[in-house]
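Here the sequence shown is numbered in numbering that gives the first Met the number 0, starting from 0 and rising by one per residue. Quick reminder that beta carbons are idealized off the backbone N, C-alpha and C, glycines included.
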Amino acid sequence: MRLTFLGTGSAMPTGSRMQSGYLLERDGNRLLVDCGSGVLHSLARTDAGYEGVDTVLLTHHHLDHVSDLDVLMKARWLAGETELTIAGPPGTSDLVRDLLETHDYMQDRLDLTLRDLDGGPFELAGFSGDTCETRHSMQCFAYRLSVDDGPAITLGADSEAFTDLVEFAEGSAVLVHDCSFPDDVDVSNHPTPTTLGATLRDADAEVGRVYLTHLYPHTEGRHEEMLESIADSYDGDVQFAEDGLTITVDRT
0 MRLTFLGTGS AMPTGSRMQS GYLLERDGNR LLVDCGSGVL HSLARTDAGY
50 EGVDTVLLTH HHLDHVSDLD VLMKARWLAG ETELTIAGPP GTSDLVRDLL
100 ETHDYMQDRL DLTLRDLDGG PFELAGFSGD TCETRHSMQC FAYRLSVDDG
150 PAITLGADSE AFTDLVEFAE GSAVLVHDCS FPDDVDVSNH PTPTTLGATL
200 RDADAEVGRV YLTHLYPHTE GRHEEMLESI ADSYDGDVQF AEDGLTITVD
250 RT
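Now the structure itself:
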C-alpha cells in the first residue's frame, strides 16, 4: 500500500505546506483522505491526478480539511469524471449538499454517493477501515485502513494525544499523528511533542513509524527540538512528514 502526503499543514498556511490531505493506493484502488486547501494541486502532481480518485473520506469538517472539496467536484466534472463518493462523520452528507446549494450551478453535475459513517468498521474504495473518535473541537474520526490481509496505516486526524488512539493503531505499519505545535505553545485539541511522546510511551501498543503532521507555522525551524522532546519519553521511530512524500508499506 502506498501513502502520499498531499498536505501536512494546518489552518494557518506557511507557503510550503498544503492543508490536510492523504492519498492511499493499492492494486488500482485509490482513496483520498481529507481535502484541505491546496490538496487538489498536490493531487494533480501525482500519477493518479484528480481524474483518478473517485472516493473521498473526511476525518471531520473543519475548513482546513474540506476547503478543496467543492474544487475537486468541479474539476472532476470538467474532466468528464462524474462519479464521486464522499464519506465521513455524521453530517458529511449535509455538508456536501450545502456546498452544492451555495454553488447551485453544480447541482446534478455529478453522480454523487454520500455516506455518513457511524463510527464502526466500513468498506470503501477497496479498503477496509475502522474508526476511532478523537479528542478535538468537533466530532472527528481517526481511521485505520488496510487492503485484504495487508499491513494497516492509521491516520490519526486532528486530536489531543491519548492512549486509546495509539492503541487503536496497534500493529499498524505507520501511524500518522497530529503534532501541531512545539512545547511552549499552550494549546488544546492538538498535542505538543512532550504530551505525544508520553502517550506513545504509555500506550499498550506496537506501532511502526510515526509521522508527524498538521504542522502550524510555529513548528518551522524547530523540528529537531520537537523530536528530542518526543524522544525523552519514546524511543520509537518518529519523523516529520513533508508534502509530496510517498511511502510504501508491504507485507512482512
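**OP:** Tell me whether the beta-carbon of SER171 lies closer than 7 angstroms to the beta-carbon of ARG134.
**Re:** Counted from its first residue, the sequence shown places residue 171 at position 172. Counted from its first residue, the sequence shown places residue 134 at position 135. Going by C-beta atoms, SER171 is not nearer than 7 angstroms to ARG134.
Original post:
Taking one C-beta from the segment 123-143 and one from the segment 82-89 each time, how about it: are there three or more such pairs within less than 8 angstroms?
Top reply: Because the criterion of three Cβ pairs below 8 angstroms is met, the segment 123-143 and the segment 82-89 touch.
Original post:
If you draw a straight line from the alpha carbon of ASP201 to that of GLN106, how long is it in whole angstroms?
Top reply: As a first step, residue 201 must be located in the sequence shown, where it is residue number 202. As a first step, residue 106 must be located in the sequence shown, where it is residue number 107. Within the model, the alpha-carbon separation for ASP201 versus GLN106 is close to 49 angstroms.
Original post:
Among the residues of its own chain, which have a CB less than 8 angstroms from the CB of THR245, if the five just before and after it don't count?
Top reply: As a first step, residue 245 must be located in the sequence shown, where it is residue number 246. Cβ neighbours of THR245 beyond the five flanking positions: ARG1, LEU2, THR3 and PHE4.
Subject >> ASP234 classed as buried or exposed, judged by whether at least 16 other C-beta atoms fall within 10 angstroms >> reply: As a position in the sequence shown, residue 234 is number 235, starting the count at 1. So ASP234 ends up on the exposed side.
Original post:
In angstroms, rounded to a whole number, what distance separates the CA positions of LEU22 and ASP103?
Top reply: As a working mapping, residue 22 is identified with position 23 in the sequence shown. As a working mapping, residue 103 is identified with position 104 in the sequence shown. C-alpha separation (whole angstroms): 28 angstroms.
Subject >> ASP97: first and last residue of the uninterrupted alpha helix (DSSP H) it sits in >> reply: Residue 97 sits at position 98 when you count from the first residue of the sequence shown. Where ASP97 is concerned, the enclosing alpha helix (DSSP H) stretches over 91-101.
Original post:
Enumerated in chain order, which unbroken segments of the alpha helix (DSSP H) with a length of 4 residues or greater are wholly contained in the segment 173-237?
Top reply: Listed in chain order, the alpha helix (DSSP H) runs fully inside the segment 173-237 are 192-201 and 222-230, counting runs of at least 4 residues.
Original post:
DSSP three-state call for ALA141: helix, strand or coil?
Top reply: As a working note, residue 141 is residue 142 in the sequence shown. ALA141 falls in the strand class under three-state DSSP.
Original post:
Does the distance from the CB of ALA156 to the CB of THR45 come in under 7 angstroms?
Top reply: If you number the sequence shown from 1, residue 156 lands on position 157. If you number the sequence shown from 1, residue 45 lands on position 46. At a Cβ-Cβ threshold of 7 angstroms, ALA156 and THR45 do not count as neighbours.
**OP:** Measure how close the beta-carbons of ALA10 and LEU62 come, nearest whole angstrom, since I'm counting them as under 8 angstroms.
**Re:** Here residue 10 is taken as the residue at index 11 of the sequence shown, counted from 1. Here residue 62 is taken as the residue at index 63 of the sequence shown, counted from 1. Between the beta-carbon of ALA10 and that of LEU62 there is about 7 angstroms, and that keeps the pair under the 8 angstroms contact cut.
Subject >> Those runs of the alpha helix (DSSP H) which lie wholly inside the segment 52-137 and span at least 4 residues >> reply: The segment 52-137 is shown to contain whole alpha helix (DSSP H) runs of 4 or more residues at 62-65, 68-77 and 91-101, in chain order.
Original post:
Are LEU195 and VAL175 touching if we call contact CB-CB under 7 angstroms?
Top reply: In the sequence shown, counting from the first residue as 1, residue 195 sits at position 196. In the sequence shown, counting from the first residue as 1, residue 175 sits at position 176. No. Outside cutoff.
**OP:** Going by DSSP, name the residue or residues bridged to GLY256.
**Re:** Only positions 0 to 251 of the chain appear in the structure, and residue 256 is not among them; the question remains open.
**OP:** Quick one: give me the first and last residue of the beta strand (DSSP E) that LEU30 is part of.
**Re:** Numbered from 1 along the sequence shown, position 31 holds the residue referred to as residue 30. Start and end: 28-32.
Subject >> Contact set for HIS40: own chain, Cβ-Cβ below 8 angstroms, skip 5 residues either direction >> reply: Along the sequence shown, one-based indexing puts residue 40 at 41. Annotation for HIS40: MET17 place their beta carbon closer than 8 angstroms to its own, counting only its chain and skipping 5 residues before and after.
Original post:
To which residues does DSSP link LEU154 through a beta bridge?
Top reply: Taking the sequence shown and counting its residues from 1, one reaches residue 154 at position 155. Partner(s): TYR142 and VAL175.
Original post:
Any idea which residues DSSP pairs SER239 with across the strands?
Top reply: Taking the first residue of the sequence shown as position 1, residue 239 is located at position 240. Note on identity: in this sequence residue 239 is Phe, with Ser being the wrong assignment. LEU211.
Subject >> ALA78 versus VAL165: straight-line alpha-carbon distance, rounded >> reply: In the sequence shown, counting from the first residue as 1, residue 78 sits at position 79. In the sequence shown, counting from the first residue as 1, residue 165 sits at position 166. C-alpha separation (whole angstroms): 40 angstroms.
Subject >> Nearest-angstrom Cβ-Cβ length linking HIS217 and PRO181, presumed shorter than 8 angstroms >> reply: The sequence position of residue 217 within the sequence shown is 218, counting from 1. The sequence position of residue 181 within the sequence shown is 182, counting from 1. Correct: roughly 6 angstroms between the Cβ atoms.
Subject >> Residue(s) in a DSSP beta bridge with ARG1 >> reply: For the purposes of this step, residue 1 is identified with residue 2 of the sequence shown, where counting begins at 1. Answer by DSSP bridge pairing, in chain order: GLU24 and THR247.
Original post:
How many Å lie between HIS60 and VAL70 at the Cα?
Top reply: Within the sequence shown, numbered from 1, the residue matching residue 60 stands at position 61. Within the sequence shown, numbered from 1, the residue matching residue 70 stands at position 71. C-alpha separation (whole angstroms): 15 angstroms.
Original post:
Whose CA, out of PRO150, GLU132, PHE126 and GLY149, lies closest to the CA of ALA160?
Top reply: Locating residue 160 in the sequence shown gives position 161, counting from the first residue. Closest option to ALA160, Cα to Cα, is GLU132.
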